[in-house]
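Worksheet: the structure to be examined is printed underneath.
Protein chains: 2
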Amino acid sequence: MRLNVRTLFGVLSTLAIICLVTIWTNCSDRTFDTYSKHIKPNYEELVNDVKSIDCIINGNNNNHVDCLIKNSVVYIPFSFLKNYFEIYGKVLETADDKITFHWSHSYSKVYYQNGKYDSRGVFTNFQNYKVEERNRVKCISASHGVPVSTQWNPHGYYYPTQIAQFGLSHYSKNLTLPSPKVKVLENGQMNAPWSIPTSSKLQISFNSQAQSNVLEFFTNEEGISLNINNENYFFVNFDVALSILTKSSIVITLIEINKPEVIWNLHYTCSKSFILAKGHSIYHGMHCTEEFSWIKLARNLIVDLQKGLNLLKKTSTKMIRSKYKLCDFKLFGMGLLDNLTISSHDHISQFYSAANWFIKHQDKNSGGWRNPVTRKISPVIQPLKPGWLSAMGQGQAISLLSRAFYHSGGNEQYLNTAWAALKPFKVYSKNGGVLSEFMNVHPWFDEYPTIPPIFILNGFMYSLIGLYDLYSLTPNTSQVSQEAFLLWKQGMTSLKNLLPLFDMGSRSAYDLRHITLAIQPNIARWDYHATHINQLLLLGTLDNATVIHTTAKRWISYMNGARASHN
Amino acid sequence: MRLNVRTLFGVLSTLAIICLVTIWTNCSDRTFDTYSKHIKPNYEELVNDVKSIDCIINGNNNNHVDCLIKNSVVYIPFSFLKNYFEIYGKVLETADDKITFHWSHSYSKVYYQNGKYDSRGVFTNFQNYKVEERNRVKCISASHGVPVSTQWNPHGYYYPTQIAQFGLSHYSKNLTLPSPKVKVLENGQMNAPWSIPTSSKLQISFNSQAQSNVLEFFTNEEGISLNINNENYFFVNFDVALSILTKSSIVITLIEINKPEVIWNLHYTCSKSFILAKGHSIYHGMHCTEEFSWIKLARNLIVDLQKGLNLLKKTSTKMIRSKYKLCDFKLFGMGLLDNLTISSHDHISQFYSAANWFIKHQDKNSGGWRNPVTRKISPVIQPLKPGWLSAMGQGQAISLLSRAFYHSGGNEQYLNTAWAALKPFKVYSKNGGVLSEFMNVHPWFDEYPTIPPIFILNGFMYSLIGLYDLYSLTPNTSQVSQEAFLLWKQGMTSLKNLLPLFDMGSRSAYDLRHITLAIQPNIARWDYHATHINQLLLLGTLDNATVIHTTAKRWISYMNGARASHN
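Taken in order, these protein sequences are the chains called A and B. Under the UniProt record's numbering, the first residue of the first sequence is numbered 1, with each subsequent residue one higher. Under the UniProt record's numbering, the first residue of the second sequence is numbered 1, with each subsequent residue one higher.
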């Protein structure tokens with residue numbers, strides 16, 4: 001993009017110069033030069049005496065690169081270096097019209113800690129995560145308000161780790177972003193200006209389950225609608241109970257501002273399908289378990305629309321909020337409605353959706369959240385069969401539940417769920433838990449409980465943060481706190497002993513599969529490398545061990561091209 | 001050098017072209033171009049449209065590099081890349097006058113195995129080693145005919161590992177180079193044309209120790225001399241017994257062929273100094289233990305001269321054999337002489353000098369050869385105090401002694417010395433041996449028995465080769481063979497388990513100090529990386545384990561710029 005603009009500018013300025021030369025035929029070269037410089041004072045100058053030279057790479061006569069040579073200095077094209085060394089670079093134009101080339105060794109960012117890590121605060125740098133927008137999130141489930149993953153099964157499934165990350169990101173956003181602006185539209189008092197066709201009915205009704213007045217609706221095919229017409233609020237909350245005997249639904253309409261004829265209908269209805277899309281309708285299915293059971297919906301309409309568009313176009317869609325407008329809210333069929341609000345955002349509802357999912361879906365026996373997919377790690381290792389547990393999933397769920405315990409002012413359901421989630425940390429992976437040992441010496445909590453284990457670093461450190469969160473957010477003297485503390489200490493000891501094994505001298509390793517499977521090292525891509533650093537910086541505020549600090553510092557230097565020295 | 005020649009050629013051809021232009025003033029540009037191309041048909045052509053561009057490295061505004069840009073492709077100067085990535089490159093002129101740039105990722109060489117490793121054959125690629133020419137070899141001791149090291153003590157000391165390497169290199173050269181040409185000058189029969197001044201005496205005398213006739217000499221200050229005058233033979237062997245009561249010596253004279261006035265006198269005399277040099281005299285001291293004790297000398301005169309020149313000039317001297325001529329051989333003082341020969345080379349004598357040194361200098365208790373120097377490994381680890389043993393020294397001595405046992409037709413002294421050398425492999429480093437364990441699980445033989453151990457890979461593999469050599473060169477049923485076999489198997493098991501820990505994804509690690517000392521990895525420089533590969537290729541012919549073959553293959557690919565992939 002940038003280059004095209006430059007090319008255009010180049011063509012235009014060349015034309016201008018030709019024009020000037022034609023007019024000023026009497027001008028000396030010197031004057032012309034001065035004028036040319038005046039137009040683009042810092043523009044790069046033409047270089048003379050450059051010759052072409054053939055570069056032969058590593059003695060391979062079939063591997064040639066066209067290079068340049070000037071005053072005995074050989075110049076290598078970046079296009080070659082980029083792939084050979086996996087280096088990043090781009091030409092940028094600075095404010096003073098000068099172009100420069102920016103060479104980058106890595107593409108990720110380090111987040112420095114601001115004081116000691118506080119389990120009540122943001123979770124690592126998750127305030128920057130947009131879990132629901134990821135391509136591998138099929139949709140946000142209407143039943144539970146949590147993401148549905150397609151990472152290892154295209155049909156979609158609940159992936160505990162992803163759900164925890166979704167919840168933790170919204171908890172963190174809630175702490176770092178301005179408070180939401182909320183508009184209450186309807187709270188069971190008929191306070192909204194509903195358009196009710198003659199053969200439809202909308203009335204206030206006392207609901208014993210809700211212990212308050214709610215709206216009861218019965219509509220014809222046209223439905224009952226509420227005009228909203230808002231360009232800023234795309235978050236809708238409401239409680240709904242639908243009749244499963246009629247084809248009842250809630251339909252929210254969005255239009256494209258510049259093309260008001262393009263209407264998108266977001267349907268929320270009883271169905272076992274997570275999401276469907278057809279024409280301009282996008283259907284999110286709620287798993288209605290019984291007649292008129294209440295479901296609490298907290299919907300980011302832009303995300304719901306995005307997921308539908310992805311289905312329709314079979315590609316990922318980048319959403320621009322300002323392109324859309326929330327148009328109206330419609331009731332179809334037979335059902336109950338309460339607490340309808342729209343807001344600029346609602347991170348805390350999404351956080352609790354996730355936390356509540358973990359309460360509802362914990363396996364009572366194991367204390368784990370089962371991953372209902374086959375997970376293939378490597379061709380040389382047995383795939384994990386559906387039902388496996390993940391130390392990372394457990395740990396991040398614990399981080400989430402500990403925060404829910406704290407944020408809810410001490411709701412014991414969150415605490416007890418988190419406590420039960422410690423169980424798999426004490427059971428070997430081969431027996432269905434997440435515990436393994438490096439060389440029979442150092443205990444480790446497995447992100448993937450493979451046999452043999454592969455010792456994934458980031459997942460292990462996330463599990464440690466979870467253990468610390470539970471320990472630090474529960475009373476010191478409680479059994480749960482002490483249990484979490486012991487596991488945390490055990491894990492930190494292993495981390496300090498094994499961390500150096502992940503140092504590859506110019507990058508970190510993602511795991512230790514090269515040791516346990518005797519294959520090539522699995523180098524961490526830069527974003528995982530940065531994750532390792534960010535986790536170490538966090539853990540370094542809780543444990544002052546030198547190895548944590550020096551490793552983090554060295555790994556940061558690797559991001560700028562430093563290498564461990566050789567002998 | 002190459003570039004200077006090119007520059008000169010460039011200047012000359014430019015002059016030639018100017019000259020031609022002056023003569024052919026009527027020639028069109030086209031004709032001139034053609035002619036110019038005719039002179040240097042494939043010479044690189046001038047490139048147009050190249051502009052300069054500033055490169056900013058890793059966002060550091062103080063780190064700029066002057067780059068070039070042509071058609072949107074940025075070119076980076078190799079002078080920057082060279083240091084940033086530690087890459088090698090040079091401009092070379094090919095046979096057809098074309099210049100090309102040769103990019104090299106590494107500078108070392110891989111030696112592929114030709115069939116199964118045979119302990120009777122060359123030792124790895126040691127036929128290419130020139131141990132005695134190394135800068136850190138002070139001289140070849142006149143007492144023992146083995147190198148004196150200055151690596152960790154500038155005064156000089158016997159370094160068992162270096163002595164073993166010296167012996168093994170000569171054993172290997174003996175197998176790979178043409179047979180030496182030998183001239184017997186004197187064998188106790190007065191067969192050489194000695195020049196005997198009147199007041200000196202030279203006579204045949206029966207020697208009871210040698211059980212043969214030898215020459216007995218008594219000289220005035222002028223000495224007794226034998227003119228040799230040979231330009232090809234620089235290896236001198238003789239047996240000598242000097243009077244320690246008179247200042248007796250053997251003096252061999254070399255001259256520079258083009259400057260016959262430059263005379264170098266190589267003195268071999270009784271003294272505790274390894275080597276001294278003054279003016280044009282170089283003194284090698286023999287440790288004469290008693291009156292008229294026989295010493296067998298096998299001297300490479302070029303090396304003896306080189307070491308003297310190094311002392312005189314305080315810098316390393318590159319020797320050109322063809323510059324010198326062996327002039328004469330002189331006897332001074334009082335002594336006995338026998339078996340004087342000159343030869344083109346004598347690798348087998350040097351091999352046995354080393355093997356015999358190991359017989360004489362083994363510590364009876366430990367079975368080890370003590371290193372009489374302090375060895376500092378890292379600022380964060382206790383230095384080794386003089387007297388430490390090395391698994392690499394033990395292993396290479398065993399390789400040498402096993403070959404001496406084989407080559408001598410079964411001399412048991414070599415066998416028994418090698419057998420005793422197994423002892424330290426069974427004693428923990430902390431107790432004076434060379435054995436340690438990785439994470440209390442995998443036994444390892446330490447090149448340096450530090451506490452904690454640092455697990456140096458090449459030294460360990462050399463010790464394994466030694467164990468294999470002893471096992472394979474002794475009868476299967478013998479106790480020594482079985483003992484060596486057990487240690488070899490134990491070591492190979494550890495190697496196969498721990499080898500992946502040395503894989504850094506783009507290079508191998510020299511050791512595991514990053515794990516045991518929690519510091520930055522100690523990456524192997526390319527020659528050690530190549531040594532690792534060569535050792536694995538050798539061991540891979542003895543043990544077919546996949547990890548050995550795949551690791552060797554991957555490490556070879558690293559030398560050509562390949563990297564382990566990231567996730």
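Even for Gly, the Cβ is constructed at its ideal location relative to N, Cα and C.
One or two residues paired with residue i in a DSSP bridge
i	result
B/Ile398	Beta-bridge pairing links B/Ile398 to no other residue.
B/Ser344	The partner list for B/Ser344 (beta bridge, DSSP) is empty, contrary to what the question assumes.
A/Asn227	A/Asp328
A/Asp239	A/Lys296, A/Asp338
A/Trp444	A/Ser436
B/Asp66	B/Asp54
residue 573 of chain B	There is simply no residue 573 of chain B to check, as chain B begins at 1 and stops at 567 in what is shown.
Reduced DSSP secondary structure (H/G/I, E/B, other) of residue i
i	result
B/Phe234	coil
B/Glu132	helix
B/Thr124	coil
B/Asn365	coil
B/Ile252	strand
A/Trp555	helix
A/Phe460	helix
A/His566	strand
A/Met52	Reading off the sequence, residue 52 of chain A comes out as Ser, not Met. Reduced to three states, the DSSP call for A/Ser52 is strand.
A/Leu537	helix
A/Glu291	coil
A/Gly491	helix
B/His102	strand
Chain-ordered chain C contacts of residue i [CB-CB under 8 Å]
i	result
B/Thr450	The structure shown has no chain C; the protein chains it does contain are A and B.
Distance, residue j Cα to residue i Cα
i	j	result
A/Gly466	A/Ser481	12 Å
B/Gln203	B/Val240	14 Å
A/Ile511	A/Ile456	Per the sequence shown, the amino acid found at residue 511 of chain A is Asp instead of Ile. Looking at the two C-alpha atoms, the distance is approximately 4 Å.
A/Ile23	A/Val47	Low per-residue confidence applies at A/Ile23: pLDDT is 33, beneath 50, and the placement is therefore not dependable, though the value from the model is reported in the following sentence. Their backbone Cα atoms lie some 27 Å apart in a straight line.
B/Asp503	A/Asn560	22 Å
B/Lys173	A/Leu495	50 Å
A/Ser198	A/Phe329	Contrary to the premise, residue 198 of chain A reads as Thr rather than Ser in this sequence. Between A/Thr198 and A/Phe329, the C-alpha separation is close to 18 Å.
B/Leu15	B/Ser508	Bear in mind that a pLDDT of 39 at B/Leu15, under 50, signals an unreliable position, so the number given afterwards is only what the model happens to contain. Taking the straight line joining both Cα atoms gives about 51 Å.
B/Val373	B/Pro383	10 Å
A/Ser169	A/Phe123	7 Å
B/Ile99	B/Lys70	21 Å
A/Val434	A/Leu498	18 Å
B/Cys55	B/Phe85	16 Å
Exposure label - residue i; buried when at least 16 CB within 10 Å
i	result
B/Asn128	exposed
B/Glu290	exposed
A/Gly115	exposed
A/Met492	buried
B/Glu132	buried
A/Asp33	Confidence is the limiting factor: at A/Asp33 the pLDDT is only 36, short of 50, which leaves the residue's position unreliable, though a coordinate-based value still follows. Its Cβ having fewer than 16 others within 10 Å, A/Asp33 is exposed.
A/Arg563	buried
A/His280	exposed
B/Asp118	exposed
B/Trp368	The amino acid at residue 368 of chain B is misidentified as Trp; the sequence shows Gly. So B/Gly368 ends up on the buried side.
A/Gly333	buried
B/Phe351	buried
B/Lys272	exposed
Reference residue i; option with closest CA among the options
i	options	result
B/Phe101	A/Lys90, A/Val91, A/Asp97, A/Leu68	A/Leu68
B/His532	B/Thr374, B/Ile548, B/Gly167, B/Ile519	B/Ile548
A/Asn431	A/His442, A/Ala418, A/Asp446, A/Ala420	A/Asp446
A/Trp526	B/Ala552, B/Leu542, B/Arg554, B/Ser565	B/Ser565
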